[in-house]
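> Numbering (the UniProt record's numbering), first residue to last: 1 to 471.
Even for Gly, the Cβ is constructed at its ideal location relative to N, Cα and C.
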């Protein structure tokens, strides 16, 4: 039996190994970037918003021992207000928790690569265990559960976004930007348009260059279905945490580069009424201990494991919508005939379903999870996926028939398309709460319910236009 001394000795040596690795990382970084003056130290909150501090480069070595942030950083709404109902603020005395640098995330900042760096942090409890409300830690716990079963997910993230003009149109709405150096404003929808890539080549080239400089494994952008809309795909990886680290780093990079070019980049799920929304699609396959694709039989057909994971994801998908569509605007993306799933469904080579099995050989047999908006937190989208898979593995659940044809017209288990309904489904799902962690579930629901109540109290211009003289 392992005794306390052995555990403490292991912990001490693990800590020594971690601090030594960070010292080496800092030293190597400063050799490559000797003119660095400041470092942004960053936590990623529930909403996927970065919270942190800017410190002088001289203080970077000290970061190996950690720094302190209040636990209530993970109980903030989208505007940065602490939600006291979540129980992480004044109810606990507004305590600080230690935060440690995430190994391998010290990179140049897109805002000023020569002089400014950035590094991700992760929060710990007072006893040194991972803080269970931090999305990255929620995901890591689920990932480790899969690894303990000898199953190793391989994942890739796809992100859509819009470039938007800083100047509003005559009616005060956002509008697509003019091509740099011209007054030409493209208002046409041209998916895969090379001309659109040419119009914004300076911005997209800078994104590509800085992504390489930051070590973000991204393909070049492609033009999406609407004016000013683009998609960037990250390479597949066996490291689920790194995949999400890269996704949030990419979002920050895209925003900063757009700002440098006098534009706004938005990952808002539905910024325009008349144009397509922006999604976050996740591709995932599963390797076994022998590095074989556990989702495919030898003849390339769907394996029993794939079918069980599909059943689990479908069963938990309505409750997971609170994570996949985390705010009011996200639900405006769910419209018929918009290549956005309206039911918890699956099918082969079919972009109208929630879980698509793309074309490919045995080695590439995988699932494309097509539900989440680009505004969602990548760690929590990935956590919802892994939770669904574990749920399917541990329970004998029926798998609905694969959808053939238009999934928007098929009968099936409908997804909640209002945030209030999604939050109710989330709160009532005992399996999902257990998989994600009860404290995380309580904090998430408290913050999002608070945010929704705040939003629903607002009086909009449309209400005034419709009701002022007609009510």
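From this set, 291, 94, 280, which residue's C-alpha is nearest residue 385's C-alpha?
Taking only the C-alpha atoms, the option nearest residue 385 is 280.
> So what does residue 67 bridge to, in DSSP terms?
Note: residue 67 sits in a beta bridge opposite 99.
> According to DSSP, is residue 285 part of a helix, a strand, or is it coil?
Residue 285 falls in the strand class under three-state DSSP.
> If you check the beta carbons only, do residue 474 and residue 161 fall under 8 Å apart?
Coverage of the chain is limited to positions 1 through 471, which leaves residue 474 absent and any answer about it impossible.
> At the level of alpha carbons, what is the spacing between residue 389 and residue 47?
Cα to Cα, residue 389 sits roughly 23 Å from residue 47.
> Grouping DSSP H, G and I as helix and E and B as strand, with all else coil, what is residue 403?
Coil at residue 403, not helix or strand.
> Between which two residues does the beta strand (DSSP E) containing residue 264 stretch?
263 to 266 is the span of the beta strand (DSSP E), which, as asked, contains residue 264.
> Have a look at residue 261 and residue 203 and give me their C-alpha separation to the nearest angstrom.
If you take the alpha carbons of residue 261 and residue 203, they lie about 7 Å apart.
> For a minimum of 4 consecutive residues, which ranges assigned as the alpha helix (DSSP H) are wholly contained in the region 345 to 391?
Listed in chain order, nothing qualifies, since the region 345 to 391 has no complete alpha helix (DSSP H) run of 4 or more residues.
> Rounded to the nearest angstrom, what separates residue 333 and residue 30 at their Cα positions?
Looking at the two C-alpha atoms, the distance is approximately 44 Å.
> Nearest CA to the CA of residue 407: which residue from 145, 171, 355?
Per the Cα distances, 355.
> Just grab the DSSP bridge partners of residue 53 for me.
Per DSSP, 41.
> Under 8 Å: do the region 116 to 126 and the region 347 to 364 share three or more Cβ pairs, one atom per stretch?
The region 116 to 126, when compared against the region 347 to 364, does not touch it at the 8 Å Cβ threshold.
> Helix, strand or coil for residue 192? Go by DSSP, reduced to three states.
Note that residue 192 scores 48 on pLDDT, short of 50, meaning its location in the model is unreliable and no value can be drawn from it.
> How is the beta strand (DSSP E) around residue 233 delimited, first residue to last?
229 to 233 is the extent of the beta strand (DSSP E) around residue 233.
> Looking at the secondary structure, which residues open and close the beta strand (DSSP E) in which residue 155 lies?
Note, residue 155: beta strand (DSSP E), 152 to 165.
> Nearest-angstrom Cα distance between residue 192 and residue 444?
Annotation note: pLDDT 48 at residue 192 (below 50); position unreliable, no value reported.
> Let's see if you can read the secondary structure: which residues bound the beta strand (DSSP E) around residue 121?
Run containing residue 121: 116 to 123, per the beta strand (DSSP E) assignment.
> For the putative contact between residue 130 and residue 244, defined by C-beta atoms under 8 Å, what is the C-beta separation to the nearest angstrom?
About 15 Å separates the two Cβ atoms, so there is no contact after all.
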